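Counting in my numbering, the sequence shown runs from 1 upward without gaps.
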Amino acid sequence: MPISLSVEPKRILIVKPSAIGDIVHTLPFLHLLRTRFKTAEISWLVVPAFASLLQNHRLLDHVLLFERRRFSNMWRDASAAKGLFQFAMALRRQEFDLVIDLQGLLRSGWITWQTRARTRVGFGYAREGAPMFYTHRVTTHDHERHAIERYLDVAEALGCGRGPVVFDFDVPEAARVRVKALAPRQPYAVLAPTTNWPTKRWPADRFAKLIEPIERELGLRCVVSGGNDVVDMPFGDRAINLGGKTDLKELVALIDGASLVIANDSAPMHIAAALGRPLVSIFGPTNAVRTGPYGRPDTVLQLDLVCRPCYSRSCAHTSCMNWIEVEHVMTAAKAQLSSAPASAAEPAGLTTNLSS
């Protein structure tokens, strides 16, 4: 049902602290919100680790940092408890008119309530008791739809409509210049071997085995992206390893320049999908319908096993990933490149703004 706003909000807060892929999924919501409330001050609450993706964003007025790791020690650390109290008081002083919780957990619901905003919006199906903190609950009848579709339900309830679906990435020129210095001058493929769940990782040695056929059969130089955890992965000097060398906006610039991206269910996958790059998305225990590459089902590579999707972070065999062979990925990559004019452009119904 539409949400009736008694007054036009002047100060709006989006509560979506993490993770990177979730933040990417929220960008179309931000675009619709800014289009509807052109003169409002819009803030976004995010954890420090992911704030750089949103800092100085042209559609945002403020980025608020939520120090989740520090505050989680409040039961054992008096200074952390004091810090959380001060954080809550600072939120109230912002005098938000409208707060939208798109995380839907106890913590984010509590943050939403602490603002004391007149209108506090969240999902009716939010977990851990979060709905009790909202003044308005948005009902969506199919929880198996993609996360972006569910966020668009909230946008529609707020009178913002459902489209167009626009991914706004603000990438400064300095980030592009740095990426040009790091990336090869020839066409390249980005390999993204990491992800936050061990069960979502296609084995690193399989990624390494992709390098030779990608160079020989596709004519692409391989670039490995990720954090410090990829530095010691078995790539040697066969690929340009940028592990730990790029920040989030540089990662966007790197992926935007790629001729091909091969990734697990991870942040680089979501960025590549939003940017319309030729992409192979390797899926195991998670459901690509719910959290996969939005609008890009053709990019998903997964095995049809009775045990998946299981959403488990631990598994004794991880067959859903281990049974995917290098040949499977190469076949999918060739299919993506064979339709490169369509795949490399913006998918139907989607728009990407990659602005400086």
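Note that the Cβ used here is the ideal one computed from N, Cα and C, for glycine as well.
None of these values were measured; they are calculated from a predicted model.
| query | result |
| --- | --- |
| Could you name the residues of the same chain whose beta carbon sits closer than 6 Å to that of Ala147, not counting the 5 residues immediately before and after it, in chain order? | His25, Thr291 |
| Is it buried or exposed for Trp44, if we count other Cβ within 10 angstroms and need 16 for buried? | buried |
| Kindly provide the ranges of any alpha helix (DSSP H) runs that are 4 or more residues long and lie completely inside the segment 83-150, ordered along the chain. | 106-114 |
| Where do the N-terminal and C-terminal ends of the beta strand (DSSP E) with Ala189 fall, by residue? | 188-192 |
| Within its chain, find whatever has a CB closer than 6 Å to the CB of Phe123; leave out the 5 residues flanking it on each side and keep chain order. | Gly104, Val138 |
| Assign Cys307 to one of two classes, buried (16 or more other C-beta atoms within 10 Å of its C-beta) or exposed (fewer than that). | exposed |
| Apart from the five residues on each side of it in sequence, which residues of its chain come closer than 8 Å, Cβ to Cβ, to Ser314? | Pro198, Thr199 |
| Does DSSP put Asp361 in a helix, in a strand, or in coil? | There is simply no residue 361 to check, as the chain begins at 1 and stops at 356 in what is shown. |
| Ends of the beta strand (DSSP E) at Leu251? | Here Leu251 belongs to no beta strand (DSSP E); instead the alpha helix (DSSP H) covers 248-256. |
| Using alpha carbons as the reference points, say which of Pro131, Pro9, Gly295, Leu210 lies closest to Arg34. | Pro9 |
| Closest to Cys310 by CA distance: which of Gln114, His317, Thr286 is it? | Thr286 |
| Applying the 10 Å Cβ sphere with the 16-neighbour rule, what's the burial state of Val289? | exposed |
| Output the boundary residues of the beta strand (DSSP E) element that contains Ile20. | Element bounds for Ile20: not the beta strand (DSSP E) but the alpha helix (DSSP H), 20-36. |
| Out of Phe96, Ser6, Pro164, state which residue places its alpha-carbon closest to the alpha-carbon of Leu27. | Pro164 |
| Are there 16 or more other CB atoms within 10 angstroms of the CB of Val177, so buried, or fewer, so exposed? | exposed |
| What residue range does the beta strand (DSSP E) around Leu65 cover? | 62-65 |
| Using only CA atoms, which one of Ile282, Ser312, Arg216, Leu191 lies nearest to Ile255? | Leu191 |
| Would Thr140 and Arg120 be called neighbours here (beta carbons separated by less than 7 Å)? | no |
| Locate the alpha helix (DSSP H) running through Glu217, then write down its first and last residues. | Run containing Glu217: none; DSSP gives neither H nor E here. |
| Tell me the rounded alpha-carbon separation between Ile271 and Phe133. | 32 Å |
| Using only the alpha-carbon positions, how far apart do Met321 and Ala204 sit? | 11 Å |
| Please look up how many angstroms separate the CB atoms of Val223 and Ala183, rounded, as I've assumed it's under 8 Å. | 6 Å |
| Please state if the CB of Phe66 and the CB of Arg11 are separated by a distance shorter than 7 Å. | no |
| If I follow the unbroken alpha helix (DSSP H) through Glu327, where does it start and stop? | 326-338 |
| Ala348 to Ala332, Cα distance in whole Å? | Because Ala348 carries a pLDDT of 41, less than 50, the predicted location of this residue cannot be relied on, and no value is offered for it. |
| Looking at the secondary structure, which residues open and close the alpha helix (DSSP H) in which Leu275 lies? | 267-275 |
| Since I believe Pro297 is in contact with Ala273 (beta carbons under 8 Å), could you give me their beta-carbon distance rounded to a whole number of angstroms? | That pair is no contact at about 10 Å. |
| Got a sec? Which residues, its chain only, sit under 8 Å from Asp61 by beta carbon, not counting five neighbours each side? | Glu41, Ile42, Ser43 |
| Go ahead and label Gly284 buried or exposed: buried means 16 or more other beta carbons lie within 10 angstroms of its beta carbon, across all protein chains shown. | buried |
| Smallest Cα separation from Gln302: which of Glu156, Glu325, Ala316? | Glu325 |
| Can you give me the Cβ contacts of Ile3 inside the same chain, cut-off strictly under 6 Å, excluding the 5 residues immediately before and after it? | His136, Ala157, Leu158 |
| Using C-beta distances below 6 Å, list every residue in its chain close to Pro187, excluding the 5 sequence neighbours before and after it, in chain order. | Leu220, Ser259 |
| Given this structure, state the Cα-to-Cα distance separating Glu212 from Gly243, to the nearest angstrom. | 20 Å |
| Under the DSSP definition of a beta bridge, which residues are partnered with Leu279? | Val261 |
| Please classify Val289: does DSSP put it in a helix, a strand, or coil? | helix |
| What residue range does the alpha helix (DSSP H) around Ser4 cover? | Careful: Ser4 lies outside any alpha helix (DSSP H) and carries neither H nor E. |
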